[in-house]
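Colleague: Structure provided below as structure tokens; questions to follow.
Numbering (this note's numbering), first residue to last: 31 to 323.
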């Protein structure tokens, strides 16, 4: 929101928006940081600033005029960096990038300016094998929109816990990606993962290791299989699930003997845990984690 022009003294922004940089006015953030800018650069780059600055007169005093902008310092810095543009590596973080992307239309940030930073955000997480990514569904929508298939696939592995039955989430996904197909791709991945649960359970050989009272009757056996699948769904939500022990991975029995899935003491008694662990790791390596492109 535009506020009356005034001459104030605030904290100086970082280069190339500091006091020593060229500029003919200041933009001041809500937290008091001032960014020294060249009006003609912003007018040429952004319809928003063209309208905002059109009535600003050249200063006749030694002090430059200041215009207040309704953004915090980091967000305003990011907006200016993309409009100039200048390279600001420390701004390429997922939460800040998503705030910037949400302001794309308001400030008239060229769509082409967003793609490379988006790819950088995604591949930074990829190289670090980040266990969780803030705003994963929003990053997925943007990577889908910009057509980055590899980046889109990588981010999709961070969306497993997103509630795709939530109409608000689905609506935002469709709007941000500009395609309902992004939602369909994630739903297809969910179906693949559900179908592949049978391979996860089979790796644990339940027919062999469930005790006679829990495996002789089909009704009881399949009830326990259902419990195992529920545990597997939860265990496989992380982007990079790690299995150090087959029985503790699904909560059948932890190394401390505590069981999160209730079984009798005879189930899996004497099982070759090392062999089952290797089998489960192989099944997990084949388990669908990313969308098909």
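Even for Gly, the Cβ is constructed at its ideal location relative to N, Cα and C. Note that the coordinates shown come from a computational prediction; the quantities given were computed from them, not determined experimentally.
Flag this pair as touching only if the stretch 210-224 and the stretch 182-194 have three or more C-beta atom pairs under 8 Å; answer yes or no.
Modeller: The stretch 210-224, when compared against the stretch 182-194, does touch it at the 8 Å Cβ threshold.
Colleague: Taking only three categories from DSSP, how would you classify residue 66?
Modeller: Reduced to three states, the DSSP call for residue 66 is strand.
Colleague: Who does residue 57 pair with in a DSSP beta bridge?
Modeller: Partner(s): 65 and 97.
Colleague: How about the stretch 172-185 and the stretch 99-116: do they share at least three Cβ pairs that are nearer than 8 Å?
Modeller: Result no; under three Cβ-Cβ pairs closer than 8 Å.
Colleague: Express the C-alpha separation of residue 55 and residue 70 in angstroms, rounding to a whole number.
Modeller: Spanning the two alpha carbons is a distance of roughly 11 Å.
Colleague: Spatial neighbours of residue 187 within its chain, please: C-beta separation below 6 Å, excluding the five flanking residues on both sides.
Modeller: These residues qualify, in order along the chain: 269, 319 and 320.
Colleague: Pick helix, strand or coil for residue 159, following the three-state DSSP scheme.
Modeller: Of the three classes helix, strand and coil, the one that applies to residue 159 here is coil, per DSSP.
Colleague: Do you know whose CA, among 65, 299, 93 and 232, lies nearest residue 312's CA?
Modeller: Here the closest residue by C-alpha is 232.
Colleague: Helix, strand or coil: which one does DSSP assign to residue 41?
Modeller: Of the three classes helix, strand and coil, the one that applies to residue 41 here is strand, per DSSP.
Colleague: By the 10 Å Cβ neighbour count, where 16 or more other Cβ atoms means buried, how is residue 45 classified, buried or exposed?
Modeller: It counts as exposed.
Colleague: For residue 267, which residues of its own chain have a beta-carbon under 6 Å away from its beta-carbon, when the five flanking residues on both sides are left out?
Modeller: Closer than 6 Å at the Cβ level, and outside the excluded window around residue 267, lie 190 and 191.
Colleague: State yes or no: is the C-beta of residue 341 within less than 7 Å of the C-beta of residue 76?
Modeller: The first residue shown for the chain is 31 and the last is 323, placing residue 341 beyond what the model contains.
Colleague: Taking the alpha-carbon positions, what's the residue 61 to residue 49 distance?
Modeller: Each residue's Cα considered, the two are about 17 Å apart.
Colleague: Are the CB atoms of residue 127 and residue 152 nearer to each other than 7 Å?
Modeller: Going by C-beta atoms, residue 127 is not nearer than 7 Å to residue 152.
Colleague: At what residues does the alpha helix (DSSP H) containing residue 308 begin and finish?
Modeller: Segment 303-316, the alpha helix (DSSP H) holding residue 308.
Colleague: Can you tell me where the alpha helix (DSSP H) holding residue 86 begins and where it ends?
Modeller: Neither: residue 86 is in no alpha helix (DSSP H) and is coded neither H nor E.
Colleague: Which residue's Cα is closest to the Cα of residue 131: 212, 211, 302 and 207?
Modeller: Residue 207 is the option with its Cα nearest to residue 131.
Colleague: In chain order, what residues of the same chain have a beta carbon less than 7 Å from the beta carbon of residue 309, not counting five sequence neighbours either side?
Modeller: Excluding residues within five positions, the ones whose Cβ falls inside 7 Å are 233.
Colleague: If you run the structure through DSSP and keep just helix, strand and coil, what is residue 192?
Modeller: Here residue 192 sits in coil by DSSP.
Colleague: Per DSSP, what kind of secondary structure is residue 116 in: helix, strand or coil?
Modeller: Residue 116 falls in the coil class under three-state DSSP.
Colleague: Compute the Euclidean distance between the alpha carbons of residue 125 and residue 297, then round it to the nearest angstrom.
Modeller: Going from the Cα of residue 125 to the Cα of residue 297 covers about 46 Å.
Colleague: Rounding to the nearest angstrom, what Cα-Cα distance links residue 299 and residue 129 in this structure?
Modeller: Distance between the alpha carbons of residue 299 and residue 129 is about 53 Å.
Colleague: Any chance the CB of residue 57 is under 6 Å from a heavy atom of the ligand MG?
Modeller: Judged by which ligands are present, the structure shown has none, so any question about the ligand MG falls away.
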